[in-house]
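Residue numbers (our numbering): 787 to 1067. From the three backbone atoms N, C-alpha and C, an ideal C-beta is built for every residue, glycine too. To start, the structure itself, in structure tokens.
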Ligand SMILES: [Zn+2]
């Protein structure tokens, strides 16, 4: 599912191909896909910018005349895709909305088979509030904020990394990869991660995200960028999705366990289990 690197790849694609263009029409094929009033809020406006915080994408629509600025908030959820198509391209199954650009010869289509994604129109104030409820972006957070937020928390570090109110942008893939790179066992209570390991984890999170963005993200099943291309980071994964295969660092077998209801992949010899077993998951 799309995490920070995939959403950033989509954002960069939108910036290249859609920024500054005028929305001529919006067709909502599945009622309720776009929360708010898409036709009256979107039609006729120009796309002023694309921002991202964590996995949330914000399309800013310019204010014109008596119409104030508005935002379209996009969350791709598990299987959401935004793809730029010529108008005559056949509609894929599960296409829920089409945003026509300029003279209508190209359109941005939103497709989401599992429907965990969300498109919502909001005022700049509502956008601000929503962004405020998210933790700092995993690429923007400073080292002291990152290590400080870990504090004395009892929960497993894996769950901490996935909590979007604490840190926004990581999902299962990059959390597992960062923990492996920093040699931290995913069940270690966040508050028990040593000072040195916190610093290593901070660096690992940034490294893995930057390297994944450079390769346009990871495609496991559904993810593609706005031009329909898959990400190329899959072959670089060290542990995620590799349970039962040899660790690329030590040759021991990569394991999969469930933490906080999510599968976690790790190498039991590169990532030592914490000594004390009395911790909550
Ligand atoms: Zn290993």
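For residue 883, the residue or residues it bridges with in DSSP: Answer is 814, 896.
Proximity winner among 834, 1035, 1012, 804, relative to residue 849 (alpha-carbon distances): That would be 834, whose Cα lies nearest to the Cα of residue 849.
Kindly indicate the opening and closing residues of the alpha helix (DSSP H) around residue 998. For residue 998, the uninterrupted alpha helix (DSSP H) segment begins and ends at 981-1000.
Cβ separation of residue 938 and residue 1045, assumed to be a contact under 8 Å, to the nearest whole Å: Rounded, the Cβ-Cβ distance is 19 Å, inconsistent with contact.
Three-state secondary structure (DSSP) of residue 1043: The answer is strand: DSSP assigns residue 1043 an E or B state.
For residue 982 and residue 1007, what's the separation of their Cα atoms in angstroms? C-alpha separation (whole angstroms): 36 Å.
Please list, following the chain, all residues that have a C-beta closer than 6 Å to any non-hydrogen atom of ligand 1. Output, sorted by chain position: 1033, 1035, 1036, 1038, 1053, 1055, 1056.
Looking at the strands, I want to know which residues DSSP matches up with residue 871. DSSP output for residue 871 lists 893 as bridge partner(s).
In the DSSP assignment, find the unbroken alpha helix (DSSP H) run with residue 939 in it and report its ends. Here residue 939 belongs to no alpha helix (DSSP H), and DSSP marks it neither H nor E.
To the nearest angstrom, how far is the alpha carbon of residue 988 from that of residue 923? The alpha-carbon atoms of residue 988 and residue 923 are separated by roughly 12 Å.
Would you report the Cα separation of residue 880 and residue 863, rounded to the nearest angstrom? Taking the straight line joining both Cα atoms gives about 14 Å.
In chain order, what residues of the same chain lie with their CB nearer than 6 Å to the CB of residue 808, ignoring the 5 residues before and after it? Contacts found: 832, 888.
Quick check on the DSSP output: the beta strand (DSSP E) that includes residue 860 runs from which residue to which? Residues 856-861.
With residue 861 and residue 904 assumed to form a contact (beta carbons below 8 Å), what rounded beta-carbon distance in angstroms separates them? With a Cβ gap of about 5 Å, residue 861 and residue 904 count as contacting.
DSSP three-state call for residue 834: helix, strand or coil? Assignment of residue 834 by DSSP, reduced to helix, strand and coil, places it in the strand class.
Find out if the Cβ-Cβ distance for the pair residue 1060, residue 928 is shorter than 8 Å. Taking 8 Å as the Cβ cut-off, residue 1060 and residue 928 do not qualify as a contacting pair.
Quick check: residue 920 and residue 954, are their CB atoms within less than 8 Å of each other? Yes, the pair counts as a contact, with Cβ atoms nearer than the cut-off.
Residue 1067 in three-state terms, based on DSSP: Only weak support exists for where residue 1067 lies, its pLDDT of 46 falling under 50; the value from the coordinates is given anyway. DSSP, read as helix, strand or coil, puts residue 1067 in coil.
Measuring CA to CA, which of 876, 1054, 795 is closest to residue 967? Relative to the Cα of residue 967, the nearest Cα in the group 876, 1054, 795 belongs to 1054.
Can you tell me which of the three DSSP states residue 820 falls into? Correct three-state label for residue 820: strand.
Specify, as a first and last residue, the run of the alpha helix (DSSP H) that residue 801 falls within. Note, residue 801: alpha helix (DSSP H), 790-803.
Taking only three categories from DSSP, how would you classify residue 913? Looking at residue 913 - three-state DSSP - the assignment turns out to be helix.
Compare the beta carbon distance of residue 803 and residue 1012 with 8 Å and say whether it is the shorter of the two. Cβ atoms of residue 803 and residue 1012: closer than 8 Å.
Taking the beta carbon of residue 886 as the centre, do at least 16 other beta carbons fall within 10 Å, making it buried, or is it exposed? Residue burial annotation: residue 886 is buried, with at least 16 other C-beta atoms found within 10 angstroms of its C-beta.
Residue 926 (DSSP reduced to helix, strand or coil): Coil, per DSSP.
Taking Cβ positions, are residue 846 and residue 957 nearer each other than 8 Å? The criterion of a C-beta distance shorter than 8 Å is not satisfied by residue 846 and residue 957.
Between the CA atoms of residue 867 and residue 972 - distance to the nearest angstrom: Linking residue 972 to residue 867 through their CA atoms gives a straight-line distance of about 30 Å.
Can you give the Cα-Cα distance for residue 1002 and residue 1041, rounded to whole angstroms? C-alpha separation (whole angstroms): 27 Å.
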